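In the working numbering, the protein residues as written are 145 to 227.
Backbone N, C-alpha and C fix where the C-beta goes; we use that ideal spot for every residue, glycine too.
Every value quoted in this text rests on a predicted model; they were computed, and no experiment measured them.
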Amino acid sequence: MPSAENKTLAAVIEILSPFAPENITVTPQSTLMKDLELDSVKVMELMMNLEDHFDISIPLNVLPEVNDIQDLVNEIDKIIGTV
């Protein structure tokens with residue numbers, strides 16, 4: 145059975161994939177702005193999709209600390225209480 149973190153990571157990557165350029169492979173180390181070329185509007189749209197999927201509210205004050213996919217997964221796990 146996959147761990148909660150692996151489930152969260154898989155869901156985040158699935159939700160994020162439409163936002164990423166076609167030639168980019170999304171990994172936990174992929175950065176949102178640099179590697180995935182997301183601008184602030186796309187990041188906010190992504191956050192709304194993640195909030196809807198996980199039924200959570202992601203505080204805006206955590207976003208400056210989120211650089212890569214793993215950071216995002218860690219924050220979501222904290223919010224949903226699996227950490």
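Return yes when the Cβ of P172 is within less than 8 Å of the Cβ of I213, no when it is not. One-based indexing of the sequence shown puts residue 213 at position 69. One-based indexing of the sequence shown puts residue 172 at position 28. Yes, the pair counts as a contact, with Cβ atoms nearer than the cut-off.
Could you name the residues of the same chain whose beta carbon sits closer than 7 Å to that of F198, not counting the 5 residues immediately before and after it, in chain order? In the sequence shown, residue 198 corresponds to position 54, counting from 1. Closer than 7 Å at the Cβ level, and outside the excluded window around F198, lie I220, I224.
Just verifying my parser: in three-state terms, what is the DSSP assignment at D297? Beyond the ends of the chain as shown, which are 145 and 227, falls residue 297; an answer cannot be given.
Alpha helix (DSSP H) segment containing E181, residue limits: Your numbering for residue 181 matches position 37 in the sequence shown. E181 -> no alpha helix (DSSP H), and no H or E assigned at all.
Cβ-based burial, A164 [other Cβ within 10 Å; buried from 16]: Translated into the one-based positions of the sequence shown, residue 164 becomes position 20. Buried, by the Cβ-count rule.
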